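Enquirer:
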Amino acid sequence: MMHIIDRRLNPKGKSLSNRQRFIDRAKKQIKRAVDDAIKNRKISNTDGGERIKIPSDGLNEPRFMGDNKKGTRDRVMPGNKDFMPGDKIKRPPSQGQGQGGREASEDGEGEDSFQFTLTRDEFLDIFFEDMALPDFVKKSIKEEVVHEFQRAGYKRQGSPSNLNLKLTMKNSLARRLCLHRPRDKEIELLENKITALRKKKKPTIKQQKNLVTLLEELEQKKRKRKVVPYIDPLDVRFTSFTEVEKPNTHAVMFCLMDVSGSMGEIHKELAKRFFMLLHLFLTRQYSKVDVVFIRHTHLASEVDEETFFHSRETGGTIVSTALEIMQKVIKDRYPPEDWNIYAAQASDGDNLNSDNANCQQILTQELLPICQYFAYVEVWDSHEAEMFPDDSNVTRLWQTYDEIRQTHQNFAVKKVTKAEDIFPVLHDLFAKDKKSEVA
Amino acid sequence: MAAGKKKTEMKPLYEGAKWDYGLVDDSFQAIQKIAIEEMGLDVYPTQIEVITSEQMLDAYSSVGMPLMYNHWSFGKSFVRDEARYRKGYSGLAYEIVINSNPCICYIMEENSMTMQTLVMAHAAFGHNHFFKNNHLFKQWTDANAILDYLQFAKNYIAKCEERYGQKEVEKILDSAHALRDQGVDKFTRRQKLDVAALRQRELEREEYERSQYSELWRTLPETKSKDSQEIDLIERDLAQKLGLPESNLLYFLEKHSPVLDNWQREILRIVRSVAQYFYPQRQTKLMNEGCACFVHYHIMNRLYDTGQITEGAMLEFIDFHTRVVAQPDFDSPHFSGINPYALGFAMMKDIERICENPTDEDREWFPDIAGNNRAIDTLKEAWKNFRDESFILQYLSPHLMREFRLFNLTDDTTKPHFIVDSIHNNRGYKAVRAALAAQYSVANLDLDIQVSKVDLHGNRSMVLIHNMTNGMTLEEKQADMVVAHIKRLWGYDVTLNSVDPKSDKITKTYSE
């Protein structure tokens, strides 16, 4: 009549394929949401989780449902305290429509709209999902392994400093309860009784007998207390840590920007977004990323982030000055054999004509051989872009750089006109299959 | 052994929390003895399957069935359930039981021996008896075939995916799932006559007309213009051919959609069949759980009385049982509607009380069963012939209404106040009972949505009608999306109107 079957050994993950289907479907939406989120973000709040809400179109399972806010209905409920027929009860404020009110979330997406928080890492993983560091400049990447401790449950042995008091006491309490270890109070009670009996000058036989049994009991309890100790080695637990190996690699990123009068706020904003994304991307790849800000007019100097983005300078434009400073900083602080060097240059393309050759020389001779990657982004505002739609109309600097690009794989030039372009441009620069594209 | 049997006090079946197959088997035999010999339950053979918590989560996401076709929505519920479980928001069920023959009953490996005993009494006998005997299950589900059918469905859909691509299949399934609730037959369809029978009927009608023919009729003036009459006739004819109005939208689309391929129709059919299989469960939730709780309570007590389980086990059981059948008051933070376990179990116990120990009030309200001393037979009759709505209407006693302190609250959304309509007093018993029963009625559980008109000769547009109950329209966003799904399956324009059945006026129209 009855069979009993052990299914526990059946292959696990029967839902795996369904889960995969769901995640695939969700991924597109998460990606879209992530892209939207990054578009509207300030440089300062790149840390911390990002709340991503999947719009439900693709993940929604709509059904016909009655509208809870319409019509009349009866509801029978238990636990009447003092209601009498005819009593009026004020409707509770909107959310508690009785049924729990969870059918419609804030924006009326219905109860299906899933919301979950991606951690910063998950967020960036998805964001940079199909990007990778260009691997054509594989030279002396300094990789040393660092050890780090991570919590890993509990164990029975360990050093006293790692004793987990809470768990130990919990075990001890449980053991004492189970083995009926006599409590202090019980013993005290017994002892009090015994002293009371002993004080009696002429004890009756019954009392004497009583005294004997009490003494025996006390003796037994005391013995038991010895056998069942307060804390037994069995109870002791230690917090356990394991060592995890972490590759330690570091990179330095140079941000070069033209801050001369021709660079308007819009240009700078675009450049800033580009730098921010590049920084984010590099922090994904390296455990430590230094950022060096270099701004230039006809003179260049290393500055902090604040000055870099916000103060204004006037003057002509000589790009090579910035390159020289970069060269100097590298020489002083970032020996190329220890550091991965990345550089991003943003400019509107203006340069002193006579300087272009100079730039070309510094780049090809000095910088490009030691840089992992050098990206040049030319920012145009959208009006300019509309005025000169075809590629033939390019700046001198662009022309020069374009020549370099043709001979150097670790050099890239791109043009950006509006905020939405930035991510695609970065994406192009670091696209995973870039190599095949080049080839 | 004969000597041992005479004693009422038997050896405990097990001690402690650990279980193994021998113990489970022994307990099952002991439970079976009580269930079959003493209570006279009638059950399918049982198949107990031991699973891990992970497998329990798997089972959750495939609507409790051991196998199911693949669809992302099952993955979605898996992800949700898993997250809830891992974060500790919700525990897992201790068992899942499947209405099949043999009756499959999943039990979790983490359960203690007492839980396994309880679960077997609850599911393998309580639910199992209900599945096998309740008229709704008998009429609408086929316990013998369901597993084979699901196997077929899984294979069929996998094959379709191979052939037409996962995306295409998913599209159809998405749309079909949106109409799941509208994919059940609520009454048996009229049998289609075969050609010979049709011909026969036609002949008979002609014969009848001939016999009734009189020259006089010809002289009557025509009331309607012939044109409109003809159109009417065509429409009526068409409606009859299509079986309109039709409330089973999936059935209608499967049979009559102008755009679907055969494989797509078959997928609609699969979704429809699965929905139909689950349909009785929604209408008998209260009774089903009540029955299972009553059975496990009875069996566990009998096991205890005969000394087959220890006091410790009994205590564990009572602790669990009380938590399951607890009914928080309406103003408690734990309140989330009426707990079907609580009310179900209380009603079953109440019927037992009325049968065995009636008061004058019970004699007045339940003259048929009061004091008949055949509690279990009475209950079995009820389990067989009722569903939640009729069961409450028939058996909810004033005694229980007082115990639960039930009251009826009328909520008219146009007014700023709820009104306490009636309470557990002499004047209110019938009203409260009727209102509670109505909450479990088909009209309240299911929306009345029908295909009312299809313009097959014109632009092929389809008109659906939602007959509102109590002035309740549909939730607009959802309705619009579902209409879009219907449009995908029908291929041409679809409109859905919410209609007030009293005035026949259209209150609201939904379109994609």
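From first to last, the protein sequence lines stand for chains A and B. Counting from 955, one number per residue, gives the positions in the first sequence under the working numbering. Counting from 2, one number per residue, gives the positions in the second sequence under the working numbering. Note that beta-carbon positions come from the ideal geometry of N, C-alpha and C, so glycine has one too. Nothing here was measured: the structure is a model prediction, and the numbers come from that model.
Shortest alpha-carbon distance to Gln117 (chain B) belongs to which of B:Phe318, B:Trp264 and B:Gln284?
Expert: B:Phe318
Enquirer: Check whether the region 1277 to 1290 of chain A and the region 1259 to 1269 of chain A are in contact - that is, three or more C-beta pairs closer than 8 Å.
Expert: no
Enquirer: Assuming Pro281 (chain B) and Thr142 (chain B) form a contact by the criterion Cβ under 8 Å, report the distance between their Cβ atoms to the nearest whole angstrom.
Expert: Contact holds; Cβ gap of about 6 Å.
Enquirer: Can you say whether Gln30 (chain B) is buried or exposed, counting buried as having 16 or more other CB atoms within 10 angstroms of its CB?
Expert: Exposed, because fewer than 16 other Cβ atoms sit within 10 Å of the Cβ of Gln30 (chain B).
Enquirer: When you compare the CB positions of Thr1122 (chain A) and Ile1185 (chain A), do they come within less than 8 Å of one another, or not?
Expert: yes
Enquirer: Which runs of the beta strand (DSSP E) spanning at least 3 residues fall entirely within the region 261 to 345 of chain B, listed in chain order?
Expert: none
Enquirer: What ranges does the alpha helix (DSSP H) occupy inside the region 48 to 93 of chain B, keeping only unbroken runs of at least 4 residues that lie completely in it?
Expert: 54 to 62 and 73 to 87
Enquirer: Go ahead and pull the three-state DSSP assignment for Phe367 (chain B).
Expert: The answer is coil: DSSP assigns Phe367 (chain B) none of H, G, I, E or B.
Enquirer: Short check: CB of Ile487 (chain B) to CB of Leu180 (chain B), under 8 Å?
Expert: yes
Enquirer: Which residue marks the beginning of the alpha helix (DSSP H) containing His178 (chain B), and which one marks its end?
Expert: Gln167 to Ala179
Enquirer: With a threshold of 16 other CB atoms inside 10 Å of the CB of Thr47 (chain B), please say whether the residue is buried or exposed.
Expert: buried
Enquirer: Check whether the Cβ atoms of Val1030 (chain A) and Val433 (chain B) sit closer than 8 Å, and answer yes or no.
Expert: yes
Enquirer: Please return the same chain residues whose Cβ sits closer than 7 Å to the Cβ of Leu401 (chain B), not counting the five positions on each side in sequence.
Expert: Ala347, Met348 and Asp351
Enquirer: Count the other CB atoms, across all protein chains shown, that sit within 10 Å of the CB of Glu216 (chain B); report buried if there are 16 or more and exposed otherwise.
Expert: Under this definition Glu216 (chain B) is an exposed residue.
Enquirer: Listed from N- to C-terminal order along the chain, which residues in the region 1020 to 1043 of chain A have their beta-carbon within a distance smaller than 7 Å of any beta-carbon of chain B?
Expert: Of all residues in the region 1020 to 1043 of chain A, the ones placed with a Cβ closer than 7 Å to any Cβ belonging to chain B are Gly1020, Asp1021, Lys1023, Lys1024, Gly1025, Thr1026, Arg1027, Asp1028, Arg1029, Val1030, Met1031, Pro1032, Gly1033, Asn1034, Phe1037, Met1038, Pro1039, Gly1040, Asp1041, Lys1042 and Ile1043, in chain order.
Enquirer: Using beta-carbon positions only, say whether Ala1106 (chain A) and Cys1209 (chain A) come within less than 8 Å of one another.
Expert: Cβ atoms of Ala1106 (chain A) and Cys1209 (chain A): not closer than 8 Å.
Enquirer: For the beta strand (DSSP E) holding Tyr511 (chain B), just list the boundary residues, first then last.
Expert: Lys506 to Tyr511
Enquirer: Listing by chain order, which chain B residues have their CB less than 8 Å from the CB of Ser969 (chain A)?
Expert: The answer, in chain order, is Leu58, Asp59, Ser62, Ser63, Phe75, Gly76 and Phe79.
Enquirer: Under 8 Å, Cβ to Cβ, is there at least one residue of chain A near Gly472 (chain B)?
Expert: yes
Enquirer: Using a Cβ-Cβ distance cut-off of 8 Å, determine whether Ile984 (chain A) contacts chain B.
Expert: So no, Ile984 (chain A) is outside the interface.
Enquirer: Can you find a CB in chain A that lies within less than 8 Å of the CB of Asp233 (chain B)?
Expert: Closer than 8 Å: no.
Enquirer: Going by beta carbon distance, what residues of the same chain come within less than 8 Å of Ile235 (chain B), once the five residues before and after it are set aside?
Expert: Counting only residues of its own chain and dropping the five nearest sequence neighbours on each side, Ile235 (chain B) has a CB closer than 8 Å to the CB of His458.
Enquirer: Could you give the residue range of the beta strand (DSSP E) that holds Val1367 (chain A)?
Expert: Phe1365 to Val1370
Enquirer: Across which residues does DSSP place Tyr1296 (chain A) in a beta bridge pair?
Expert: A:Met1207 and A:Tyr1327
Enquirer: Which residues, in chain order, does the region 398 to 426 of chain B contribute to contact with chain A at a C-beta distance below 7 Å?
Expert: Under the 7 Å Cβ criterion, the region 398 to 426 of chain B contributes Phe405, Arg406, Leu407, Phe408, Asn409, Leu410, Thr411, Asp412, Asp413, Thr414, Pro417, His418, Phe419, Ile420, Val421, Asp422, Ser423, Ile424 and His425.
Enquirer: Around the Cβ of Gly1050 (chain A), are there at least 16 other Cβ atoms within 10 angstroms (buried) or fewer (exposed)?
Expert: Low per-residue confidence applies at Gly1050 (chain A): pLDDT is 41, beneath 50, and the placement is therefore not dependable enough to give any value.
Enquirer: Report the residue from A:Trp1352, A:Gly1033 and A:Val1206 whose alpha carbon sits nearest the alpha carbon of Leu410 (chain B).
Expert: A:Gly1033
Enquirer: Mind listing, in chain order, the continuous alpha helix (DSSP H) runs of no fewer than 4 residues lying wholly within the region 1103 to 1135 of chain A?
Expert: Whole alpha helix (DSSP H) segments, 4+ residues: 1119 to 1132.
Enquirer: Pick out whichever of B:Leu344, B:Ala18, B:Asn374 and B:Ile377 has its Cα sitting closest to the Cα of Arg403 (chain B).
Expert: B:Leu344
Enquirer: Exposed or buried, which one is Met1038 (chain A) when buried takes at least 16 other CB atoms within 10 Å?
Expert: exposed
Enquirer: Going along chain A in order, which residues have a C-beta closer than 7 Å to the C-beta of Gly429 (chain B)?
Expert: Pro1039
Enquirer: Quick check on this structure: which residue in B:Leu490, B:Gly472, B:Ser512 and B:Leu58 has the alpha carbon closest to the alpha carbon of Lys478 (chain B)?
Expert: B:Ser512
Enquirer: Taking the Cβ atom as the reference point for each residue, do Ile264 (chain B) and Tyr165 (chain B) lie within a distance shorter than 8 Å?
Expert: With the sequence shown as reference, residue 264 (chain B) is identified as Trp, and Ile is not the correct amino acid for it. Yes, Cβ-Cβ distance for Trp264 (chain B) and Tyr165 (chain B) is below 8 Å.
Enquirer: Once the 5 residues before and after Arg461 (chain B) are set aside, which same chain residues still bring their CB inside 7 Å of it?
Expert: Closer than 7 Å at the Cβ level, and outside the excluded window around Arg461 (chain B), lie Pro259 and Tyr493.
Enquirer: So, are the CB atoms of Ile1279 (chain A) and Ala1311 (chain A) less than 8 Å apart?
Expert: Not in contact: Ile1279 (chain A) and Ala1311 (chain A) (Cβ atoms no closer than 8 Å).
Enquirer: Report yes or no: is there a C-beta of chain A within less than 8 Å of the C-beta of Thr510 (chain B)?
Expert: Not one chain A Cβ lies under 8 Å of Thr510 (chain B).
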